[in-house]
Ligand SMILES: C[S@@+](CC[C@H](N)C(=O)[O-])C[C@H]1O[C@@H](n2cnc3c(N)ncnc32)[C@H](O)[C@@H]1O
């Protein structure tokens with residue numbers, strides 16, 4: 001694993017215990033609705049096998065379970081602390097929680113009907129490899145649905161940037177008890193690709209029907225795409 005990835009891994013191991021609460025505060029409790037939208041699109045193919053990458057405490061995996069009571073669902077992450085939290089949440093026992101680095105997935109080609117993830121892409125050191133891995137493990141015709149942050153743009157962009165730089169580390173100090181981790185979250189969001197640039201990377205990985213829906217004044221995006229059938 002590259003140094004950048006080990007440092008991201010250590011950050012998420014440190015903040016796992018208070019991560020869900022911080023997420024609810026930072027998104028004004030919208031995160032779970034966006035995760036439901038991601039799960040809804042992933043379930044549009046009515047498949048039998050689902051992979052939720054960077055699952056964290058498993059919010060998306062749980063939403064997929066609600067829509068697919070008998071499907072096989074894997075929630076994968078490279079933070080053991082996050083996986084430990086996921087394993088102990090009520091209602092999570094029917095999901096298979098596994099350690100996996102998104103750069104090198106321990107799954108067979110064409111294993112899944114749908115791959116989902118939330119807030120993965122801006123954290124990885126090799127985006128193209130991560131997208132190629134997702135493409136590889138999807139069945140032909142399989143779908144991808146993902147939630148990702150996006151650098152604020154437009155007229156309000158500069159104001160939202162300042163707001164994020166102030167509010168998120170403050171919450172991170174008071175509630176998350178780790179100011180640096182939440183400063184990282186802001187800098188990784190502000191420094192991430194524009195939607196136009198990310199769309200191109202999805203296409204370069206082989207995905208088709210790439211669509212994006214902005215949420216929360218364009219600071220969050222829901223991405224959907226398919227592997228050709
Ligand atoms: C911000 S959390 C999001 C958790 C969850 N998807 C959600 O929406 O609440 C990001 C997660 O991505 C995981 N992650 C980051 N880079 C990863 C990688 N290369 N492989 C696997 N997981 C990764 C972290 O460990 C962390 O649990």
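In the numbering used here, the protein residues as written are 1 to 229. Virtual Cβ for every residue (Gly too), placed ideally from N, Cα, C.
Item: Starting from residue 15, trace the alpha helix (DSSP H) in both directions and tell me its first and last residue.; Value: 3 to 26
Item: Between which two residues does the beta strand (DSSP E) containing residue 99 stretch?; Value: 96 to 99
Item: Between residue 89 and the rest of its own chain, which residues show a CB-CB distance below 7 Å, the 5 nearest in sequence each way excluded?; Value: 57 and 58
Item: Have a look at 167, 190 and 104 and flag the residue whose alpha-carbon is nearest the alpha-carbon of residue 179.; Value: 167
Item: So what does DSSP say about residue 227, is it helix, strand or coil?; Value: coil
Item: Assuming residue 211 contacts residue 224 under a Cβ cut-off of 8 Å, what Cβ separation, rounded to an integer in Å, is found between them?; Value: 5 Å
Item: Would the stretch 138 to 154 count as touching the stretch 214 to 221 if we require 3 or more Cβ pairs under 8 Å?; Value: yes
Item: Please state the DSSP three-state secondary structure of residue 50.; Value: strand
Item: So what does DSSP say about residue 92, is it helix, strand or coil?; Value: coil
Item: Applying the 10 Å Cβ sphere with the 16-neighbour rule, what's the burial state of residue 2?; Value: exposed
Item: Runs of 4 residues minimum, wholly inside the stretch 182 to 226: which ones carry the alpha helix (DSSP H) assignment?; Value: 195 to 204
Item: By alpha-carbon positions, which one of 68, 141, 11 and 163 ends up nearest to residue 113?; Value: 141
Item: Excluding five sequence neighbours on each side, which residues of the same chain lie with their C-beta closer than 7 Å to the C-beta of residue 65?; Value: 73, 94 and 95
Item: Find out if the Cβ-Cβ distance for the pair residue 71, residue 116 is shorter than 9 Å.; Value: no
Item: Name the two residues that bound the continuous beta strand (DSSP E) containing residue 75.; Value: 72 to 77
Item: Closer than 8 Å by C-beta to residue 209: which residues in its own chain qualify, once you throw out the five before and the five after it? Chain order, please.; Value: 224, 225 and 226
Item: Below 7 Å CB to CB, which residues in the same chain sit around residue 23 once its five sequence neighbours on both sides are set aside?; Value: 31
Item: Could you tell me if the beta carbon of residue 68 falls within a distance shorter than 8 Å of some heavy atom in ligand 1?; Value: no
Item: Is residue 26 closer than 9 Å to residue 171 when the C-beta atoms are compared?; Value: yes
Item: Reducing DSSP to helix, strand and coil, say where residue 104 ends up.; Value: coil
Item: Rounded to whole angstroms, what's the CA-CA distance from residue 18 to residue 47? Just pull it up for me.; Value: 33 Å
Item: Assuming contact is defined by CB atoms lying nearer than 9 Å, are residue 109 and residue 137 in contact in what I supplied?; Value: yes
Item: Quick one: what's got a C-beta closer than 8 Å to residue 86's C-beta in the same chain, skipping five residues either side?; Value: 55, 56, 57, 58, 61, 75, 77, 92, 95 and 97
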